[in-house]
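Asker:
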Amino acid sequence: MPSVVPWLLAAALAACVLGGLAWWAAGDGPLIDPTDAASVARGEGLYREHCASCHGADLAGQPNWRVRGPDGKLPAPPHDTSGHTWHHPDAMLFGMVKEGFQSGRYAPPGYRSDMPGYGDRLTDEEIVAVLAYIKSTWPEAQRAHQAALSRP
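To convert, count from 1 in the sequence shown and add 7; that's my numbering.
(1) On the DSSP bridge list, what partners appear for A48?
(2) Excluding the 5 residues preceding and the 5 following R49 in the sequence, name in chain order all residues of the same chain whose CB lies nearer than 7 angstroms to its CB.
(3) Could you work out which residue in R158, G79, S143 and I134 is closest to M103 when comparing CA atoms only?
(4) Per DSSP, what are the beta-bridge partners of S110 in this structure?
(5) Who are the Cβ neighbours of F108 in its own chain at under 7 angstroms, not counting the five residues just before and after it?
(6) Helix, strand or coil: which one does DSSP assign to T92?
(7) For R158 and I39, I'd like the C-alpha separation in whole angstroms.
(8) Can you look up A29 in the DSSP assignment and give me helix, strand or coil?
(9) Check whether the Cβ of K80 sits closer than 7 angstroms to any heavy atom of the ligand PLP, and report yes or no.
(10) Ends of the alpha helix (DSSP H) at H86?
(11) E56 to L138, Cα distance in whole Å?
(12) Using the three-state DSSP reduction, which class does S120 fall into: helix, strand or coil?
(13) So H91 packs on P82, CB below 8 angstroms; how close in whole Å?
(14) Just the Cα atoms here: how many angstroms apart are P70 and H95?
(15) Drop a sphere of 10 angstroms on the beta-carbon of V47, count the other beta-carbons inside from all chains shown, and report buried for 16 or more, exposed for fewer.
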């Protein structure tokens with residue numbers, strides 16, 4: 008009768024590898040705390056300096072942000088509750104700000120956007136602060152929904 012030990016070892020190894028991959032993928036990016044007053048205050052200033060010109064000082068985005076322009080690109084969306092920022096987990100939001108809105112990574116293949124990456128202008132901590140500020144403006148229901156998406 009064949010031994011089951013090799014099969015058990017293979018199954019255990021596969022479980023460890025899959026568990027490790029899931030842990031690694033879930034941990035891709037910081038969790039952003041919208042209740043950290045110092046981070047929120049810093050983020051508000053950085054938002055006004057780097058983001059408000061496109062996304063609006065009041066986070067309302069550009070007019071007709073759901074309608075493509077002649078160049079095929081969508082205007083900058085709002086970051087308030089009328090937009091979809093709160094529909095994305097922290098790791099994705101962090102990546103979008105750091106790397107820019109990349110087709111095939113943060114959007115469907117072929118999607119074009121004017122959203123640049125800020126990884127060469129802002130530190131990771133500054134990006135977290137900007138996102139903490141944005142999240143701090145949302146009502147508790149949106150914060151809770153978005154926090155649930157962000158948990159590993």
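We put the beta carbon where it would ideally sit given N, CA and C, even for glycine.
Answerer: Well, looking at it:
(1) For the purposes of this step, residue 48 is taken as the residue at position 41 of the sequence shown. Paired residue(s): none; A48 is not in a bridge.
(2) Taking the sequence shown and counting its residues from 1, one reaches residue 49 at position 42. Contacts found: A136.
(3) Taking the sequence shown and counting its residues from 1, one reaches residue 103 at position 96. Nearest option by C-alpha distance: I134.
(4) Here residue 110 corresponds to residue number 103 of the sequence shown, with the count starting at 1. In the DSSP output, where bridge partners are listed per residue, S110 has A114.
(5) Position 101 of the sequence shown, counting from 1, holds the residue named residue 108. Within the same chain, F108 has close Cβ partners A114, S120 and M122.
(6) Along the sequence shown, read from residue 1 onward, the residue named residue 92 stands at position 85. In the structure shown, the three-state DSSP call for T92 is helix.
(7) Taking the first residue of the sequence shown as position 1, residue 158 is located at position 151. Taking the first residue of the sequence shown as position 1, residue 39 is located at position 32. Rounded to whole angstroms, the separation of the alpha carbons of I39 and R158 is 11 angstroms.
(8) On the sequence shown, residue 29 is found 22 positions in, with the first residue counted as 1. In this prediction, A29 scores a pLDDT of 39, lower than 50, which makes its location untrustworthy; no coordinate-derived value is stated.
(9) Ligands are entirely absent from the displayed structure, and the ligand PLP is therefore not among its contents.
(10) Along the sequence shown, read from residue 1 onward, the residue named residue 86 stands at position 79. That residue, H86, is in no alpha helix (DSSP H); it is neither H nor E in DSSP.
(11) Indexing the sequence shown from 1 puts residue 56 at position 49. Indexing the sequence shown from 1 puts residue 138 at position 131. Their Cα atoms are separated by approximately 14 angstroms.
(12) In the sequence shown, counting from the first residue as 1, residue 120 sits at position 113. Three-state DSSP puts S120 in coil, outside helix and strand.
(13) Residue mapping note: residue 91 aligns to position 84 of the sequence shown, counting from 1. Residue mapping note: residue 82 aligns to position 75 of the sequence shown, counting from 1. That belief does not hold up - the Cβ atoms of H91 and P82 are roughly 13 angstroms apart, past 8 angstroms.
(14) Locating residue 70 in the sequence shown gives position 63, where the first residue counts as 1. Locating residue 95 in the sequence shown gives position 88, where the first residue counts as 1. Each residue's alpha carbon lies about 22 angstroms from the other.
(15) As a working note, residue 47 is residue 40 in the sequence shown. It is buried - the Cβ of V47 has at least 16 other Cβ atoms within 10 Å.
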